[in-house]
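Here is the structure we will look at, set down as C-alpha cells.
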Amino acid sequence: MVSSTAALLLGAVLLVAQLQPVPSRPAAAAAAAAAPGAEPGQPELSRRAATVQGDGRDGAPPNGSAQQLPQTIIIGVRKGGTRALLEMLSLHPDVAAAENEVHFFDWEEHYSQGLGWYRGQMPFSSPQQLTVEKTPAYFTSPKVPERVHSMNPGIRLLLILRDPSERVLSDYTQVFYNHVQKRKPYPSIEEFLVRDGRLNVGYKALNRSLYHVHLHNWLRFFPLRRIHIVDGDRLIRDPFPEIQKVERFLKLSPQINASNFYFNKTKGFYCLRDSGRDRCLHESKGRAHPRVDPRLLTKLHEYFHEPNKKFFELVGRTFDWH
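Positions -24 to -1, 1 to 298 (mature numbering (1 follows the signal peptide of the UniProt record, and there is no 0)) are the ones given, in order, by the sequence shown.
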C-alpha cells in the first residue's frame, strides 16, 4: 500500500516537472498551435475568447489574462504615423498593443495558418482591455478588407493619413535609409518620380497615396462609421487633441492627458511621458526628407489635387494638404 502511494506521488512529481511555463510573449512557432482547428475567415467575435491563461508565476501572464483577437486594427497608411499612433494609444491602461506588425491578412503564409495563429501573436491582456495591432500594408492590400470583415464585421478600424505628397517622400526616405544601412546604392528620388520628362505614375509610392482608391475597397465591407481617420499631420504638430478623438471612437475612458506629451527640441517632434518615464520614437522616425526640385514638388501637388478632392468628398471632411 505504501509503495503504491509512493509510486503515485512520484508520477505526479514527474508530470508537474514536464509542464512548461507559458511565455509572456509567445514565439511564432508556439503560437501557431494556439486554438487548434480555427480556420481563416471563421467568425470569432468574442472579445474574451482566449487560448492561454496563467497565474503570474514563473513568467506566466497574470491570472485572468489571455491572448485575444484584436478588437481594433490600425490598418494604415504606410509612413502615415502608425507607429506613433500605436505608442500613444499604449499610454491608455485599457489598451494592449501588439509589439510588431503581424501581416496576418496580407501575407498568405500567415493567413493560411488561421485565426489561432493570429491570436497567438497578440499580447496577453485582461478581459476589460482592448487588443490593438497595426499593419500599415493592410490599407492598400485589395484582399484584406473582406478577410477582416470575415473575422469580425463589427471591428473598429483606425486609419492615419498624411499629406499624400509628404507621404511619398517619407516612403522613399525609409527605403533609401534601409539601403544605406546595408551599404547598398539606391537611386535618387527623381529617378523614381520622373520618367521621360513626366511624372512616373507607375511608382508604387504614388499609388499608396491615392487614398480614395483604397478606401473605396474598405467601404465595400465596412460603413464609414467603423473607420476613424486620424490626421497624421496634426498628430505630429499637436498630438493630444487627435488622441482624444481616438479614445472617443474606441469608447475608452479619457485616460490620456496633455501631460503625457512633451516637445523634444533635439528631435523636433513630440515624445511621450508615461508614469514619470520619458520615451521617444525610434531614431528611424522623423528623418529629414531628400531635397526635391521645387518644380517636381509642384508636379506632385498637382497630381494629387483631384485624388485628394475625391477623398474629401468620400469621407465628408477636408484636410490641410497641398
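Every residue gets a Cβ at the ideal spot worked out from N, C-alpha and C, and that includes glycine.
Note that the coordinates shown come from a computational prediction; the quantities given were computed from them, not determined experimentally.
Val156 counts as exposed, since fewer than 16 other C-beta atoms from the protein chains shown sit within 10 angstroms of its C-beta.
Of Gly52, Leu61 and Gly96, the smallest CA-CA separation from Pro46 is found for Gly96. The beta carbon of Ile232 sits closer than 6 Å to those of Leu67, His68 and Ile219, all from its chain and outside the five residues before and after it, given in chain order. DSSP places Gly208 outside any beta strand (DSSP E); the residue lies instead in the alpha helix (DSSP H), whose first and last residues are Gly208 to Arg213. Per DSSP, the beta-bridge partners of Thr48 are Val108 and Arg132. Fewer than three pairs of CB atoms, one per stretch, sit closer than 8 Å, so the segment 161 to 168 makes no contact with the segment 225 to 244. As DSSP reads the structure, Ser101 sits in a beta bridge with Ala42. The beta carbon of Ser185 sits closer than 7 Å to those of Pro140, Arg143, Val144 and Phe280, all from its chain and outside the five residues before and after it, given in chain order.
Classified as exposed, Asp296 has fewer than 16 neighbouring CB atoms from the shown chains inside 10 Å of its CB.
Restricting attention to Thr294, Asp147 and Pro266, the CA atom closest to the CA of Glu282 is found in Thr294.
Per the coordinates, the alpha-carbon of Asn284 lies some 28 Å from the alpha-carbon of Tyr153. Within the DSSP secondary-structure output, Val170 pairs in a beta bridge with Leu175.
Counting only residues of its own chain and dropping the five nearest sequence neighbours on each side, Asp70 has a CB closer than 8 Å to the CB of Gln104, Gln105, Leu106, Leu228, Ser229 and Gln231. Annotated as distal: Lys275 and Asp147, with beta-carbon spacing of 8 Å or more. Going by DSSP, Tyr246 is part of the beta strand (DSSP E) stretching over Phe245 to Asp250. For Ala73, the secondary structure class from DSSP, reduced to helix, strand or coil, is strand. DSSP, reduced to helix, strand and coil, places Leu67 outside both helices and strands of the structure shown, so it counts as coil. Nearest to Leu191 by C-alpha distance, out of Pro99, Leu134 and Phe81, is Leu134. Between Lys110 and Glu75, the C-beta spacing is not below 8 Å.
Put simply, the backbone Cα of Val108 is about 24 Å away from that of Gln150. Note on Pro129: under 16 other CB atoms within 10 angstroms of its CB, so exposed under the neighbour-count rule. Remark: fewer than three beta-carbon pairs, one from each stretch, lie closer than 8 Å, so the segment 84 to 92 and the segment 48 to 64 are not flagged as touching.
With contacts defined as CB atoms closer than 8 Å, His188 and Phe287 qualify as a contacting pair. A residue is called buried once 16 or more other Cβ atoms fall within 10 Å of its Cβ, and Pro112 is buried on that count. In the three-state reduction of the DSSP assignment, Tyr87 falls in the helix class, which pools H, G and I. Fully enclosed beta strand (DSSP E) runs of no fewer than 3 residues occupy 237 to 240 of the segment 218 to 242, in order along the chain. In the structure shown, Asp147 falls within a helical segment according to DSSP collapsed to helix, strand and coil. Looking at the DSSP output, Ile205 shares a beta bridge with Leu135.
Tyr114 is a Cβ neighbour of Ile49, given a cutoff of 8 Å. In this structure, the straight-line span from the alpha carbon of Gly90 to that of Met98 is close to 14 Å.
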